[in-house]
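No gaps in the numbering here: position 78 of the sequence shown is 1351 in the working numbering, and each next residue is one more. Glycine included, each C-beta is placed from N, C-alpha and C at the ideal position. The structure presented is a predicted model; accordingly, all values stated were derived computationally and were not measured.
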Amino acid sequence: TVSGNAGDGISISASNSNLVEGNFIGVNTAGTASLANGGSAISVTAGGAFNQIGGSASGARNVIAGGPGALSPHIGLLIDNSPSNVVQGNYIGTNAAGDAAIGTSGQGVFINGSGSIGNTIGGSLAGEGNVISGNGLDGVTILGGASGNSIQGNVIGLAADGDAALGNGANGILIDGAGSTLIGGLVPEARNVISANGEYGIQLANPATDSTEIKGNYIGLDATGASDRGNTLAGILAFDTTDTSIGSGEAGGGNVVSGNGGDGIVVDGPQTTAPIIKGNYIGVDANGAAAVANSLAGLAVKGGASGFTIGGVLDAERNVISGNTEDGAFLDGVSNLNLYNNYIGVAADGTSPLGNGLDGVLVVNSSLSIEVGGTAAGQSNVIAHNGTNGVELDSTANRVSIRRNAIHTNGSGGIAIAAGGNG
C-alpha cells in the first residue's frame, strides 16, 4: 500500500524495465477509501521506457486512485516524455472492487510530450484492459506531440462490470496535438467501452492531432452493446483534425456510437481534412437491430469540414445511421462530401424500419459538391422510415446531387427543397 505520501506515490524517472504490480496506490489497505499521495499516484518521466504497470495475470492489478492530492489536478498515472511503457489490467479511479469511484481530481492517465512514443494503455488480449473511471477530468489525455500510442480493451466511464455508470468528469478520451493514436482495434478484446462520461466519449482537437484511428469501440453503450450508457455530449467530436479514421471497411473495424446526449459523431472545423467514416452503427445497438438513440443527430458535419466520403462502395464500409432523435445526417456548411451506400432510417438488414426522428439527411449552408448517392454501383443509399423527409435541402443549400438512392416511406416526403434551395 503506497499512500498518503507528500509527493508521488511511485516515481520512475529515467529508469527502464521496472515492474509495478499488485499494489494499492492512493487508497487505504482495504482499497475502499482515498488516502491520496500529494503528487501523481504513479509517474514515469525523463525517458523512462519499457516499464510495465500492472498486467493481465491474476494478482497483477494495481488500484491507482485517491484524490485530490496536494497538487491540482491530481493525476492517476503520468507518462511524460517517456516511450514504450505498458499499462494493463489496472483499476484507475475506482475502489478495489471496481464498483465505486475513488477518482483523482485530474486525469486517470495523462500522456504528454514528444518523447512519449509507443505507450500502450490496455491491450488486445483478454485481461489486458484497464478500468479507467470515476476521475475528475478525462479518463485518458494525450497531449504535447506524443505519438504512436494505443488505447485498447479498456472500460472508460463504467464500473468493472461494464454496466454501472461511473463516468469520468470530462471526456472519456482527449487527444490534443498528438499523432497516430490507435483507439480500439479489430478484435473484441481490443474494444474500448467509452460511456457515461461528463463531456464527450472521445474528443479530438487541433490540426496536429493527425492519423487517429478509432476502431471497434462501443461509445455510449454498456459492454454488451445493448443498453444506453450515453456520454453527456457527443459520442465522438473531431474538431480541426487531420486524417482521422472513424471505423473502417475491415471486419470488426466499425464502432457503435449510440445513446449519447448530443450527436453521435461530430466532425467540425475548417481545418478538418480527409476524415474517414466507414462501417459504423450510429444510433442503434451492436446488432444493428434496435434503436439506442443519440439525442441529436446521428452524424453532424459542419463548420467548413470538407473533402471526404461517409460510407463507401463496399458493404463493409456502409454506415447504419438510424434511430436517432433528430436527423440521421446533418450537413451544415460543408463541401466536397460524398454520402455513399449508407442505411439511414433502417436497421442493418437494410429493410426493417428504424427511422430517425426528423430528416434522413438535412443539408444547410452548403455550396460546393455534395453527393447523396452517386451514379456508380455501390454508391446508392437507402433512406427510409424517417420522421419527416428522406432528404431535405434548405434555402441555403446548393450544388447537392441526389442520385440513385432508394428513398421511401418517410413521414413527410422523399425529397424536399426549400424555396431557393439548390438554385
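In this structure, the straight-line span from the alpha carbon of residue 1675 to that of residue 1644 is close to 6 Å. Excluding sequence positions up to five before and after residue 1696, its CB lies within less than 6 Å of the CB of 1671, all in the same chain and listed in chain order. Residue 1570 is bridged by DSSP to nothing; it lacks a bridge partner. By the criterion of a C-beta distance shorter than 6 Å, residue 1501 is surrounded in its chain by 1532 and 1565, once the five residues flanking it on both sides are discounted. Taking the C-beta atoms as reference points, residue 1578 is found no nearer than 8 Å to residue 1603.
Counting every other CB atom within 10 Å of its CB across the protein chains shown gives residue 1383 a total of 16 or more, marking it as buried. Your pair residue 1466 and residue 1509 does not check out as a contact, with CB atoms roughly 14 Å apart and the cut at 8 Å. Contact annotation: residue 1338 and residue 1327 have beta-carbon atoms that are not nearer than 8 Å. Sequence-distant partners of residue 1367 (beyond 5 residues in either direction) whose C-beta falls short of 8 Å from its own C-beta, in its chain, are 1336, 1338, 1373, 1374, 1375, 1376, 1404, 1406, 1407, 1432, 1433 and 1439.
Residue burial is scored here from C-beta neighbours: residue 1691 has fewer than 16 other C-beta atoms within 10 angstroms and is therefore classed as exposed. Scanning its chain for C-beta atoms nearer than 6 Å, with the 5 sequence neighbours on each side dropped, one finds around residue 1518 the residues 1486 and 1549, in chain order. Remark: C-beta atoms of residue 1659 and residue 1633 approach each other more closely than 8 Å.
Ranking 1456, 1683, 1450 and 1365 by CA distance to the CA of residue 1513 puts 1450 first. Taking the CA atoms as reference points, residue 1297 sits about 19 Å from residue 1412.
Annotation: the region 1332–1407 contains the following complete segments of the beta strand (DSSP E) (minimum length 3 residues), in chain order: 1350–1353, 1359–1361, 1382–1385 and 1393–1395.
Within the same chain, and ignoring the five residues on either side of residue 1677 in sequence, the residues whose Cβ sits closer than 7 Å to its Cβ are 1646, 1647, 1648, 1652 and 1653.
Contact between residue 1476 and residue 1444 holds: CB atoms are separated by about 5 Å, below the 8 Å threshold. Judged by DSSP secondary structure, residue 1611 falls within the beta strand (DSSP E) whose first and last residues are 1608–1613. Between residue 1620 and residue 1655, the C-beta spacing is not below 8 Å. With at least 16 other beta carbons inside 10 angstroms of its own, residue 1570 counts as buried. For residue 1689, the enclosing beta strand (DSSP E) has its first and last residue at 1686–1690. Check the Cα spacing between residue 1523 and each of 1588, 1567 and 1583: the tightest is with 1588. One thing to note: residue 1386 has its Cβ within 8 Å of the Cβ of residue 1418. Burial check for residue 1308: the Cβ neighbour count within 10 Å reaches 16 or more, so the residue is buried. In the DSSP assignment, residue 1449 falls within the beta strand (DSSP E) that extends over 1446–1449.
By the C-beta density criterion, residue 1302 is exposed, having fewer than 16 other C-beta atoms within 10 angstroms. In this chain, the beta strand (DSSP E) harbouring residue 1414 covers 1413–1416. Of the residues assessed, residue 1323 falls on the exposed side of the cut-off, its CB having fewer than 16 other CB atoms within 10 angstroms.
Under the DSSP assignment, residue 1486 falls in the beta strand (DSSP E) whose first and last residues are 1486–1488. Burial state of residue 1447 is buried, judged by a 10 Å Cβ sphere holding 16 or more other Cβ atoms.
Membership of residue 1636 in the beta strand (DSSP E) is indicated by the continuous run 1634–1637. Burial check for residue 1356: the Cβ neighbour count within 10 Å reaches 16 or more, so the residue is buried. Residue 1544 counts as exposed, since fewer than 16 other C-beta atoms from the protein chains shown sit within 10 angstroms of its C-beta.
Residue 1657: member of the beta strand (DSSP E) spanning 1655–1657, first to last residue. In the DSSP assignment, residue 1318 falls within the unbroken beta strand (DSSP E) covering 1315–1318. Between residue 1468 and residue 1421, the CB-CB gap reaches or exceeds 8 Å.
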